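Just so we're aligned, residue 286 is where the sequence shown starts under the numbering used here, counting upward by one.
We put the CB at the ideal spot given by N, CA and C, even for glycine.
Since we're looking at a predicted model, the values are computed, not measured.
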Amino acid sequence: MKTKTASLIIIALTYSLLCSCLPNLLAEETINETKLLSQTEDRILKNRTAPLTVEVFDKNGLPARNTNVEVQHLKHLFYFGAGFDRSLLNTNNDEIDLRHRNAFLRLFNYSTVHIYWGYYEPQQGMFNTKIAIDSINWLKEHGLTARAHPIHWNHRASVPRWVEQMNPDPSTMRSLLTTRVKQLSETVLPQVHDADVFNEIVNWEKLNNTFTNPLTRLFNEWGKVKVIVDCTKEVKRLNPNLLLTINDFETSPKYYKLLKELIDAGAPFDYIGEQSHMHSGNWSFTQLWEILERLSSLNKPVLLTELSVLSAPQRNIDWTTQRPLQNWNSEPEYEKKQA
Numbered sequence: 286m287k288t289k290t291a292s293l294i295i296i297a298l299t300y301s302l303l304c305s306c307l308p309n310l311l312a313e314e315t316i317n318e319t320k321l322l323s324q325t326e327d328r329i330l331k332n333r334t335a336p337l338t339v340e341v342f343d344k345n346g347l348p349a350r351n352t353n354v355e356v357q358h359l360k361h362l363f364y365f366g367a368g369f370d371r372s373l374l375n376t377n378n379d380e381i382d383l384r385h386r387n388a389f390l391r392l393f394n395y396s397t398v399h400i401y402w403g404y405y406e407p408q409q410g411m412f413n414t415k416i417a418i419d420s421i422n423w424l425k426e427h428g429l430t431a432r433a434h435p436i437h438w439n440h441r442a443s444v445p446r447w448v449e450q451m452n453p454d455p456s457t458m459r460s461l462l463t464t465r466v467k468q469l470s471e472t473v474l475p476q477v478h479d480a481d482v483f484n485e486i487v488n489w490e491k492l493n494n495t496f497t498n499p500l501t502r503l504f505n506e507w508g509k510v511k512v513i514v515d516c517t518k519e520v521k522r523l524n525p526n527l528l529l530t531i532n533d534f535e536t537s538p539k540y541y542k543l544l545k546e547l548i549d550a551g552a553p554f555d556y557i558g559e560q561s562h563m564h565s566g567n568w569s570f571t572q573l574w575e576i577l578e579r580l581s582s583l584n585k586p587v588l589l590t591e592l593s594v595l596s597a598p599q600r601n602i603d604w605t606t607q608r609p610l611q612n613w614n615s616e617p618e619y620e621k622k623q624a
């Protein structure tokens with residue numbers, strides 16, 4: 286029997302809660318990992334717990350005396366989740382689907398519904414709205430919070446083929462973005478808690494086969510900051526209650542610099558999204574700490590939006606290779622390889 290594998294995504298550990306509890310530790314030039322880790326429990330008690338007074342009354346509204354009370358912890362205030370897989374909507378009793386569904390509901394309180402433009406609108410004016418709404422409704426019915434990803438992304442994995450074939454000039458391209466946002470604002474976006482308004486924007490001006498398309502041309506000719514600010518304002522105007530995230534895999538100071546430019550230019554985004562893919566090797570505690578400290582200095586909550594932890598004998602993988610890659614399912618014969 287094969288077991289369904291899923292890419293686990295730690296979607297939202299709100300770093301602002303974490304950084305608020307460490308006011309003085311980073312004054313040191315060198316990060317003292319031992320010191321930070323030794324204070325973990327104290328910081329959890331200080332920042333993740335609070336006093337609670339419980340009053341118990343009987344059916345007549347009088348204070349209950351000499352009564353045993355059971356208190357059950359149901360959920361946390363921070364989000365922990367995974368990308369939504371449409372197989373969760375299956376109603377059959379297939380064992381793989383059942384195991385996936387049960388684990389998903391047991392572990393997570395948050396999930397990302399994908400609205401990649403190319404999939405959501407494969408032909409101009411024809412939308413896969415129903416699948417997105419069905420996914421969101423399923424999450425809500427099971428007590429999870431839904432988010433959407435992404436509204437705008439100029440990677441070929443997202444830009445529709447019909448847009449590339451149309452090859453619009455920048456003004457027409459900008460109008461197409463407005464049309465997309467208006468349609469989403471009437472359907473999907475009012476149903477979610479937050480959304481990635483822009484995805485992977487630091488290196489959007491790359492002119493290679495992956496990014497050569499009319500959306501990249503719009504950035505190059507009109508200016509990245511201007512386009513992002515205008516589009517983000519547009520989404521926020523149509524969805525004032527929607528929390529917007531700027532999301533990127535970039536971990537260098539270049540990301541901080543662009544975010545600072547966007548904030549100074551008035552882009553109304555609410556969260557900073559940091560992808561934590563480990564394709565080039567495992568992240569050390571120090572590396573994670575430095576990245577989050579740098580981003581948190583912009584005074585916005587930081588979400589760890591995506592996570593890839595790889596199991597492989599070779600840490601630096603050549604992603605350009607054409608050799609077939611083998612899936613390692615969660616079965617005994619693969620455990621040693623994954624360890």
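Nearest-angstrom beta carbon gap, residue 396 and residue 367 [assumed within contact, 8 Å]: Taking the sequence shown and counting its residues from 1, the one referred to as residue 367 is at position 82. Taking the sequence shown and counting its residues from 1, the one referred to as residue 396 is at position 111. Rounded, the Cβ-Cβ distance is 6 Å, consistent with contact.
Contact between the segment 440–449 and the segment 497–509 (3+ Cβ pairs under 8 Å): yes
Close beta carbons around residue 643, own chain, < 7 Å, minus the five adjacent residues each side: No answer is possible for residue 643: the residues shown for the chain start at 286 and end at 624.
The beta strand (DSSP E) enclosing residue 389, as first and last residue numbers: Start at 1 with the first residue of the sequence shown, and residue 389 comes out as number 104. Premise fails: residue 389 lies in the alpha helix (DSSP H), 380–392, not in any beta strand (DSSP E).
Three CB pairs or more closer than 8 Å across the segment 326–338 and the segment 391–409: no
Outcome for residue 509 when other beta-carbon atoms lying within 10 angstroms are tallied against a minimum of 16: Indexing the sequence shown from 1 puts residue 509 at position 224. Its Cβ being crowded by 16 or more others within 10 Å, residue 509 is buried.
Through-space distance from residue 479 to residue 515, alpha-carbon basis: By 1-based counting over the sequence shown, the position of residue 515 is 230. By 1-based counting over the sequence shown, the position of residue 479 is 194. Residue 515 and residue 479: Cα-Cα distance of roughly 18 Å.
Same chain, Cβ closer than 7 Å to residue 409, five either side skipped, listed in chain order: Position 124 of the sequence shown, counting from 1, holds the residue named residue 409. Within the same chain, residue 409 has close Cβ partners 447.
Cβ-based neighbour list, residue 562, same chain, cut-off 8 Å, excluding 5 preceding and 5 following: The residue labelled residue 562 in the question sits at position 277 within the sequence shown. Closer than 8 Å at the Cβ level, and outside the excluded window around residue 562, lie 534, 591, 592 and 593.
The segment 563–572 touching the segment 580–587, judged by at least three CB pairs closer than 8 Å: no
Residue from 584, 574 and 618 whose Cα sits closest to the Cα of residue 317: Position 32 of the sequence shown holds residue 317. For residue 317, the nearest C-alpha among the options comes from 574.
Inter-residue Cα distance where the pair is residue 544 and residue 525: For this step, residue 544 is matched to residue 259 along the sequence shown. For this step, residue 525 is matched to residue 240 along the sequence shown. Taking the straight line from one Cα to the other gives about 21 Å.
N- and C-terminal bounds of the beta strand (DSSP E) containing residue 481: Along the sequence shown, one-based indexing puts residue 481 at 196. Note, residue 481: beta strand (DSSP E), 479–484.
Short Cβ contact (8 Å threshold) for residue 421 with residue 356: Translated into positions along the sequence shown, residue 421 becomes position 136. Translated into positions along the sequence shown, residue 356 becomes position 71. Cβ atoms of residue 421 and residue 356: not closer than 8 Å.
Check whether residue 472 and residue 418 have beta carbons under 8 Å apart: The residue labelled residue 472 in the question sits at position 187 within the sequence shown. The residue labelled residue 418 in the question sits at position 133 within the sequence shown. Yes. Within cutoff.
Contact check, residue 481 vs residue 435, beta carbons under 8 Å: Counting from one through the sequence shown, the residue named residue 481 turns up at place 196. Counting from one through the sequence shown, the residue named residue 435 turns up at place 150. Yes, the Cβ-Cβ distance between residue 481 and residue 435 is below 8 Å.
Beta-carbon proximity of residue 452 to residue 489, cut-off 8 Å: In the sequence shown, residue 452 corresponds to position 167, counting from 1. In the sequence shown, residue 489 corresponds to position 204, counting from 1. Their beta carbons are not under 8 Å apart, which means residue 452 does not touch residue 489 by this criterion.
Chain-order list of residues whose beta-carbon lies under 6 Å from that of residue 576 (same chain, five-residue window excluded): Within the sequence shown, residue 576 is the residue found at index 291, counting from 1. Within the same chain, residue 576 has close Cβ partners 536.
Buried versus exposed, by CB contacts within 10 Å (16 or more), residue 444: Within the sequence shown, numbered from 1, the residue matching residue 444 stands at position 159. Flag for residue 444 reads buried.
Residue of 334, 557, 456 and 361 minimising C-alpha distance to residue 528: Taking the first residue of the sequence shown as 1, we reach residue 528 at position 243. The shortest C-alpha separation from residue 528 is found at 557.
Cβ-based burial, residue 411 [other Cβ within 10 Å; buried from 16]: As a working mapping, residue 411 is identified with position 126 in the sequence shown. Per the 10 Å Cβ criterion, exposed.
Burial state of residue 484 (16 or more Cβ within 10 Å): Within the sequence shown, numbered from 1, the residue matching residue 484 stands at position 199. Buried.
Test item: CB-CB of residue 458 and residue 390 under 8 Å: Within the sequence shown, residue 458 is the residue found at index 173, counting from 1. Within the sequence shown, residue 390 is the residue found at index 105, counting from 1. No, these two residues do not count as a Cβ contact at 8 Å.
Span of the beta strand (DSSP E) around residue 395: As a position in the sequence shown, residue 395 is number 110, starting the count at 1. Start and end: 395–399.
Contact check, residue 400 vs residue 469, beta carbons under 8 Å: Residue 400 sits at position 115 when you count from the first residue of the sequence shown. Residue 469 sits at position 184 when you count from the first residue of the sequence shown. Contact flag set, yes.
Distance CB(residue 433)-CB(residue 474) smaller than 8 Å: As a working mapping, residue 433 is identified with position 148 in the sequence shown. As a working mapping, residue 474 is identified with position 189 in the sequence shown. Cβ distance < 8 Å, so residue 433 and residue 474 count as in contact.
Residue from 372, 464 and 379 whose Cα sits closest to the Cα of residue 402: For the purposes of this step, residue 402 is taken as residue 117 along the sequence shown, with counting starting at 1. Closest option to residue 402, Cα to Cα, is 464.
DSSP state of residue 311 mapped onto helix, strand, coil: Numbered from its first residue, the sequence shown carries residue 311 at position 26. At residue 311, the pLDDT of 41 sits below 50, so the modelled position is not reliable; the number obtained from the coordinates is stated separately. It is helical.
Where residue 555 sits in the DSSP three-state scheme: Your numbering for residue 555 matches position 270 in the sequence shown. Three-state result, residue 555: coil.
As assigned by DSSP and simplified to three states, the class of residue 348: What you label residue 348 is simply residue 63 of the sequence shown in a count that begins at 1. It is a strand residue.
Nearest candidate by alpha-carbon position, reference residue 520, set 385, 560 and 462: Residue mapping note: residue 520 aligns to position 235 of the sequence shown, counting from 1. Closest by alpha carbon: 462.
Which residues DSSP lists as bridging residue 237, in chain order: The requested residue 237 is not part of the displayed model; the chain covers only 286 to 624.
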